[in-house]
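Novice: Quick note on numbering: full-length UniProt numbering labels position 51 of the sequence shown as 51, and the sequence is numbered without any gaps.
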Amino acid sequence: MNSKANQKSYTVKEATLKLAQYCAYRDRSQKEVEDKLREMRMIPAACEQIIIKLMQENFLNEERFARSFARGKFRIKRWGRNKIKQELKLRQISTPLIKIALTEIDEIEYYSCLQYLAEKKLALIKEKDKNKKKNKLIAFLLQKGYESNLVYEVSNTLIT
1 MNSKANQKSY
11 TVKEATLKLA
21 QYCAYRDRSQ
31 KEVEDKLREM
41 RMIPAACEQI
51 IIKLMQENFL
61 NEERFARSFA
71 RGKFRIKRWG
81 RNKIKQELKL
91 RQISTPLIKI
101 ALTEIDEIEY
111 YSCLQYLAEK
121 KLALIKEKDK
131 NKKKNKLIAF
141 LLQKGYESNL
151 VYEVSNTLIT
């Protein structure tokens with residue numbers, strides 16, 4: 001049986017309510033809401049109407065989403081600014097909003113988190129060769145999204 005044939009169709013009111021709940025659960029980007037509406041097979045005019053309504057009622061707020069995303073990914077996953085920036089771009093967040101979102105990350109907390117990650121990783125690297133050990137540490141920290149100048153600074157202080 002074709003799964004599209006028995007897929008539920010929604011009225012604008014039902015879809016708006018469903019999306020309001022979706023946004024209330026956690027902050028969402030406009031792209032996530034648009035994807036959800038496409039999944040629900042809503043027509044473009046209805047999508048636009050629903051998105052406007054969600055914004056007016058403050059269920060959908062790109063700045064709030066970007067700020068909470070940056071805070072969460074830094075505090076919980078310990079991502080660096082580069083990775084957070086990249087992920088926000090993937091979610092079609094504008095450059096000015098990305099800049100605002102990154103202000104949620106405290107400078108001192110950021111550097112001490114990088115230091116903590118570096119020390120923790122260094123203890124796990126079994127490599128004997130100093131250069132190979134340093135390269136593995138650098139690769140790990142860059143992959144976490146930390147800026148290369150900070151990564152080299154921290155790795156140089158830990159491995160001499």
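Every residue, glycine too, gets a C-beta built ideally from N, C-alpha and C. Every value quoted in this text rests on a predicted model; they were computed, and no experiment measured them.
Look at the alpha carbon of Ser3 and the alpha carbon of Arg41, and state the distance between them as a whole number of angstroms.
Specialist: Because Ser3 carries a pLDDT of 48, less than 50, the predicted location of this residue cannot be relied on, and the following value inherits that uncertainty. When rounded, the distance between both Cα atoms is 13 Å.
Novice: Assign Ile43 to buried or exposed, taking buried as 16 or more other Cβ atoms, counted over all protein chains shown, within 10 Å of its Cβ.
Specialist: Counting Cβ neighbours within 10 Å, Ile43 comes out exposed, since fewer than 16 surround it.
Novice: Do you know whose CA, among Leu114, Gly72, Leu124, lies nearest Leu102's CA?
Specialist: With distances taken between Cα atoms, Leu102 lies closest to Gly72.
Novice: Going by beta carbon distance, what residues of the same chain come within less than 7 Å of Leu142, once the five residues before and after it are set aside?
Specialist: So the qualifying residues of the chain are Ser148, Val151.
Novice: By the three-class DSSP mapping on this structure, what secondary structure does Arg78 have?
Specialist: In the structure shown, Arg78 sits in coil (DSSP, three-state: anything other than H, G, I, E or B).
Novice: Would you verify that the beta carbon of Ala20 is, or is not, closer than 8 Å to some beta carbon of chain C?
Specialist: Protein chains in the displayed structure number just one, and chain C is not present.
Novice: Expressed to the nearest angstrom, what Euclidean distance is found between the alpha-carbon atoms of Asn82 and Leu88?
Specialist: Answer to the nearest angstrom: the Cα atoms are 10 Å apart.
Novice: Is DSSP giving Met1 helix, strand or coil here?
Specialist: Legend: pLDDT at Met1 = 41, less than 50; position of this residue unreliable, no value from coordinates given.
Novice: Could you spell out the range, first to last residue, of the alpha helix (DSSP H) harbouring Thr11?
Specialist: Counting along the chain, Thr11 falls outside any alpha helix (DSSP H), and DSSP gives it neither H nor E.
Novice: Can you give me the Cβ contacts of Lys85 inside the same chain, cut-off strictly under 6 Å, excluding the 5 residues immediately before and after it?
Specialist: Same-chain partners within the cutoff: Ile98.
Novice: Going by DSSP in three states, Asp129 sits in which element: helix, strand or coil?
Specialist: Of the three classes helix, strand and coil, the one that applies to Asp129 here is coil, per DSSP.
Novice: Considering only the alpha carbon of each residue, which of Ala46, Lys8, Asp27 lies closest to Thr16?
Specialist: Among Ala46, Lys8, Asp27, the Cα nearest to that of Thr16 is on Ala46.
Novice: What is the DSSP secondary structure of Arg28, reduced to helix, strand or coil?
Specialist: Reduced to three states, the DSSP call for Arg28 is coil.
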